[in-house]
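Asks: Sharing a structure, written as structure tokens. Questions coming.
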Amino acid sequence: MLNIYNLSVAFQGSFLFQGITFQLNGGDRVGLVGKNGAGKSTLLKIISGDQEYDKGQIATDKEISVGFLRQDIDFVQGRNVLEESYQAFEQIKSLELQLDQINHDLATRTDYESDGYTELIERLSDVQNQYEIHGGYNYQGDTERILLGLGFKRSDFEKQTDTFSGGWRMRIELAKLLLQNHDVLLLDEPTNHLDIESILWLEEFLKAFSGAVVLVSHDRMFLDQVTNRTIEISLGRIYDIPKSYSKYLVARNELRGQQLAAQKNQQKQIDQTAKLIEKFRAKASKATMAQSLIKKLDKIDRIEVDEDDNSVMTLRFPLSKTPGKVVAVVERASKNYGDHVVLNEIDLRIDRDSKTAFVGQNGQGKSTLAKMIVGELKHQGSIILGHNVEIGYFAQNQAEYLEGSKTVEETMIDAADERTRPRVRDILGAFLFRGEEVDKYVRVLSGGERNRLALAKLLLQPFNVLVMDEPTNHLDIKSKNVLKEALLNFQGTLIVVSHDRDFLQGLTNVVYEFKDSTIRQYLGDIDYFLEQRNISHLRDAERRTVPDKLSKQKPASTQHDPDRQKELKFLQNRLSKLEVKVSKVEKELKDMDKALALNYEKTTADGDFYKKYESKKTSLKDLMGQWEEASLKLEKHSRI
């Protein structure tokens, strides 16, 4: 499907990676991993055609379609959700314009007997056939179904895209990719800013996707669920093993252990041969044998052990001063945007030395409350900070505040004061910005490198309360572990917003769940929260309460009610059966579209073809109505 041969990319005189070769086939779900700055995003951009490369070749089968989900999304202002989603259908939209123009011409002309009018009618028939072949009568229904599956409500369809958060806009972009039926999907950190419901949906889609997938992700759980192959970029070369990430790590360690053992055995043989050479050299009668051994030693192919890039940032959050016992008190705090109520009369108390997690779906107010606490958002109600409280704040989009025209060192010096300016170089070194790397411009840094720089900048100011909103976005797995260790050792107070269960596990001792404009406190760690919710992992905790084929978890309220359990099971089964029927009819319609495209005259010779086609479309519309009705019933029943 896609072949990459001897690919090399140089940056500022040194190779980012050199001579890498691999092949992508249908069904490959590749986890592209490596440290921040190793070249993962660069490789995706090269495959997609967004960036040039220095050496090598990229060959693809004819008419291969590649879809790229980038980290940065830039929508055209003025479009609503449906209009933006319809941008996935360029050819259909072009045909619609042609149909509108032809129909307008037919309506305004009166020369009914002329050749021109006859040609217009013939052209209308041709364009209508093309429109039908390319799915013009189905694309709107397909779009709505995908958007609903990704968590949008019908009431969201007419809203402007710029009114949605980054996570929801990412879903729109994802919907466009899925609707385009690409052969290869390139996904650059797709779980950043996505809540658990959309992550689950994406997992299921990718596992069923028949094409090739290459995804960059630092979410270990997501990688293990989705991938069947791992490619790691390390020190300019790649390691390619057909296993999911966790299994890849085991296999990589085993391979390195085997290399070490083989190298050790070989070295023993080399040492023994060297001793014999020294021994025989002294004797004239053995000189010939010594020369033979020397030649033999020179011909030995020395076993090399793969190098590991184990460099990680060094991170420690020092405590500025000891604050009062109560760090913050939130009373009857509310926040709304127009008619949309995000938080409604929230009460909350943060005590000194506590470590608190905010969890919940996107848009439920976690980041909003964090910004209210640090004083970045106006609100109703009161938020009172305690005695001697000094807050350090790491925003979800912290890296976006960095100026691209400045170098790494200039960014730090400008943010430092007299006390911390002499320590800038030391702090940057601890965050792996060493030597010439401090002279890099911010605009050329990877997402992970920008996050590291933003963390380094955070240390320039004193604080005893640390508020962090999705701090692990863009950080590689090793850096995430270092950050977690630093937060565990932090002697101050921590408030962290995150969807990452592995990161939160063992980190916090208080959890607040955000839902329906309110919050609920759980006095324990994240595992205690999950246990109380009777859920196996955080992903189920943060998804919608609608049970479907992606989750068999029963809501807590129905655990001991046999009648409700029976009714829920019936509704779940009905929904699953309807989904199977929808998929079957969609496939049949696609087959008919394909038959039309391949042999129009032969296919349409069957007088009943269009009757069957229209019947299938009517059936699909009816099934979609039943599916939507069943979904609403299930949602209503599961909330009882």
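Note that my numbering has the sequence shown beginning at 7, numbered continuously upward.
Every residue, glycine too, gets a C-beta built ideally from N, C-alpha and C.
(1) Any idea if Thr149 is buried or exposed, counting beta-carbon neighbours within 10 angstroms, 16 or more meaning buried?
(2) Identify the continuous beta strand (DSSP E) that holds Lys521 and give its terminal residues.
(3) Would you call Thr374 buried or exposed, if buried means 16 or more other Cβ atoms sit within 10 Å of its Cβ?
(4) Return the residue from the list Thr413, Gly19, Glu396 and Gln231 that minimises the CA-CA distance to Leu451.
(5) Could you give the DSSP three-state label for Ala267: helix, strand or coil?
(6) From this set, Gln107, Tyr123 and Arg226, which residue's C-alpha is nearest Asn479's C-alpha?
(7) Under three-state DSSP, which class holds Lys446?
(8) When the Cα atoms are used, what is the spatial distance from Asn9 to Ala44?
(9) Out of His140, Thr328 and Ile26, which has the shortest C-alpha to C-alpha gap to Phe496?
(10) Note down the Cα distance separating Leu536 from Val517, rounded to an integer number of angstroms.
(11) Given Gln93, which residues of its chain have a CB within under 7 Å of its CB, disregarding the five upstream and five downstream residues?
(12) Under 8 Å: do the segment 486–496 and the segment 208–217 share three or more Cβ pairs, one atom per stretch?
(13) As a quick exercise: from Ser240, Asp307 and Thr66, pick the residue whose alpha carbon is nearest that of Gln272.
(14) Give the DSSP bridge partners of Phe74, in chain order.
(15) State the Cα-Cα distance for the pair Pro561 and Val133, rounded to the nearest angstrom.
(16) Please determine, among Gln404, Leu49, Val333 and Gly84, the residue with the shortest C-alpha to C-alpha distance to Asp60.
(17) Count the other CB atoms within 10 Å of the CB of Ser542; is the residue buried (16 or more) or exposed (fewer)?
(18) Based on Cα-Cα distance, which residue from Glu125, Asp531, Leu321 and Val336 lies nearest to Thr524?
(19) Just the Cα atoms here: how many angstroms apart are Ala65 and Arg262?
(20) Does the segment 466–475 touch the segment 440–456, meaning 3 or more C-beta pairs lie closer than 8 Å?
(21) Cα separation between Ser240 and Leu200?
(22) Gln386 lies in the beta strand (DSSP E); which residues open and close that run?
(23) What is the DSSP secondary structure of Gln370, counted as helix, strand or coil?
(24) Touch check for the segment 454–465 and the segment 429–440: three-plus C-beta pairs under 8 Å?
(25) Could you tell me if Thr624 is buried or exposed, where buried requires 16 or more neighbouring beta carbons within 10 angstroms of its beta carbon?
(26) Tell whether a beta-carbon distance below 7 Å holds between Ala334 and Leu391.
(27) With Gln367 and Asp475 assumed to form a contact (beta carbons below 8 Å), what rounded beta-carbon distance in angstroms separates them?
(28) Using 10 angstroms around the beta-carbon of Lys361, count the other beta-carbons present and answer buried if the total reaches 16, otherwise exposed.
(29) Using a Cβ-Cβ cutoff of less than 8 Å, which residues in the same chain neighbour Gln278 once the five nearest sequence positions on both sides are dropped?
(30) Just checking my contact of Leu184 with Phe74 at CB under 8 Å: how many whole Å lie between their CB atoms?
(31) Would the segment 31–46 count as touching the segment 232–250 if we require 3 or more Cβ pairs under 8 Å?
(32) Going by the CB atoms, is the gap between Gln63 and Gly242 shorter than 7 Å?
(33) Going by other Cβ atoms of all chains shown within 10 Å of its Cβ, with 16 needed for buried, is Glu260 buried or exposed?
(34) Around the C-beta of Val395, are 16 or more other C-beta atoms found within 10 angstroms, so that it is buried, or is it exposed?
(35) Quick check: the Cα distance between Ile127 and Ile52, rounded to an integer number of angstroms?
(36) Run the CB neighbour count on Thr124, radius 10 Å, all protein chains shown included, and call it buried at 16 or more, exposed below.
Replies: Here's the rundown:
(1) For the purposes of this step, residue 149 is taken as residue 143 along the sequence shown, with counting starting at 1. Burial state of Thr149 is buried, judged by a 10 Å Cβ sphere holding 16 or more other Cβ atoms.
(2) On the sequence shown, position 515 is the one that residue 521 refers to. Where Lys521 is concerned, the enclosing beta strand (DSSP E) starts and stops at Val516 to Lys521.
(3) Position 368 of the sequence shown, counted from the first residue, corresponds to residue 374. By the neighbour-count rule (16 or more Cβ atoms within 10 Å), Thr374 is buried.
(4) In the sequence shown, counting from the first residue as 1, residue 451 sits at position 445. Minimum Cα distance to Leu451 is reached at Thr413.
(5) Walking along the sequence shown from the start, residue 267 turns up at place 261. For Ala267, the secondary structure class from DSSP, reduced to helix, strand or coil, is helix.
(6) Sequence index remark: in the sequence shown, residue 479 carries index 473 (1-based). For Asn479, the nearest C-alpha among the options comes from Arg226.
(7) Here residue 446 refers to the residue found at position 440 of the sequence shown. Coil.
(8) Here residue 9 refers to the residue found at position 3 of the sequence shown. Here residue 44 refers to the residue found at position 38 of the sequence shown. The alpha-carbon atoms of Asn9 and Ala44 are separated by roughly 21 Å.
(9) Position 490 of the sequence shown holds residue 496. Just measuring C-alpha positions, the residue of His140, Thr328 and Ile26 sitting nearest Phe496 is Thr328.
(10) Indexing the sequence shown from 1 puts residue 536 at position 530. Indexing the sequence shown from 1 puts residue 517 at position 511. Distance between the alpha carbons of Leu536 and Val517 is about 10 Å.
(11) Taking the sequence shown and counting its residues from 1, the one referred to as residue 93 is at position 87. Here the set comprises Lys182.
(12) Taking 8 Å as the limit for Cβ pairs, the verdict is that the segment 208–217 does not touch the segment 486–496.
(13) Locating residue 272 in the sequence shown gives position 266, where the first residue counts as 1. The option with the nearest alpha carbon to Gln272 is Asp307.
(14) The sequence position of residue 74 within the sequence shown is 68, counting from 1. Its beta-bridge partners are Leu192.
(15) Indexing the sequence shown from 1 puts residue 561 at position 555. Indexing the sequence shown from 1 puts residue 133 at position 127. Only weak support exists for where Pro561 lies, its pLDDT of 40 falling under 50; the coordinates are left without a value.
(16) As a working mapping, residue 60 is identified with position 54 in the sequence shown. Ranking the options by Cα distance to Asp60, first place goes to Leu49.
(17) Here residue 542 corresponds to residue number 536 of the sequence shown, with the count starting at 1. For Ser542, the predicted model reports a pLDDT of 42, less than 50, meaning its position is unreliable; a value from the coordinates is still stated below. Its Cβ having fewer than 16 others within 10 Å, Ser542 is exposed.
(18) Sequence index remark: in the sequence shown, residue 524 carries index 518 (1-based). The shortest Cα separation from Thr524 among Glu125, Asp531, Leu321 and Val336 belongs to Val336.
(19) As a first step, residue 65 must be located in the sequence shown, where it is residue number 59. As a first step, residue 262 must be located in the sequence shown, where it is residue number 256. Between Ala65 and Arg262, the C-alpha separation is close to 32 Å.
(20) Contact between the segment 440–456 and the segment 466–475 is absent, because fewer than three Cβ pairs lie under 8 Å.
(21) Locating residue 240 in the sequence shown gives position 234, where the first residue counts as 1. Locating residue 200 in the sequence shown gives position 194, where the first residue counts as 1. About 28 Å.
(22) The residue you call residue 386 lines up with position 380 of the sequence shown. Taken as a continuous stretch (DSSP letters only), the beta strand (DSSP E) holding Gln386 covers Gln386 to Leu391.
(23) Reading the sequence shown from its first residue, position 364 is the one you call residue 370. Three-state result, Gln370: coil.
(24) Touching, yes.
(25) For the purposes of this step, residue 624 is taken as residue 618 along the sequence shown, with counting starting at 1. So Thr624 counts as exposed.
(26) Counting from one through the sequence shown, the residue named residue 334 turns up at place 328. Counting from one through the sequence shown, the residue named residue 391 turns up at place 385. Yes. Within cutoff.
(27) As a working note, residue 367 is residue 361 in the sequence shown. As a working note, residue 475 is residue 469 in the sequence shown. No, Gln367 and Asp475 are not in contact; Cβ-Cβ is about 15 Å, not under 8 Å.
(28) As a working note, residue 361 is residue 355 in the sequence shown. Buried, by the Cβ-count rule.
(29) Indexing the sequence shown from 1 puts residue 278 at position 272. Excluding sequence neighbours, Gln278 sits near nothing in its chain.
(30) Within the sequence shown, residue 184 is the residue found at index 178, counting from 1. Within the sequence shown, residue 74 is the residue found at index 68, counting from 1. Contact flag wrong, Cβ pair sits at about 13 Å.
(31) These segments touch.
(32) Position 236 of the sequence shown holds residue 242. Position 57 of the sequence shown holds residue 63. Gly242 is not a Cβ neighbour of Gln63, given a cutoff of 7 Å.
(33) Residue numbering aside, residue 260 sits at position 254 when the sequence shown is read from its first letter. The residue is exposed, with fewer than 16 neighbouring Cβ atoms inside 10 Å.
(34) Numbered from 1 along the sequence shown, position 389 holds the residue referred to as residue 395. Val395 should be labelled buried.
(35) As a working note, residue 127 is residue 121 in the sequence shown. As a working note, residue 52 is residue 46 in the sequence shown. So the two alpha carbons sit approximately 46 Å from each other.
(36) Taking the first residue of the sequence shown as position 1, residue 124 is located at position 118. By the 10 Å Cβ count, Thr124 comes out exposed.
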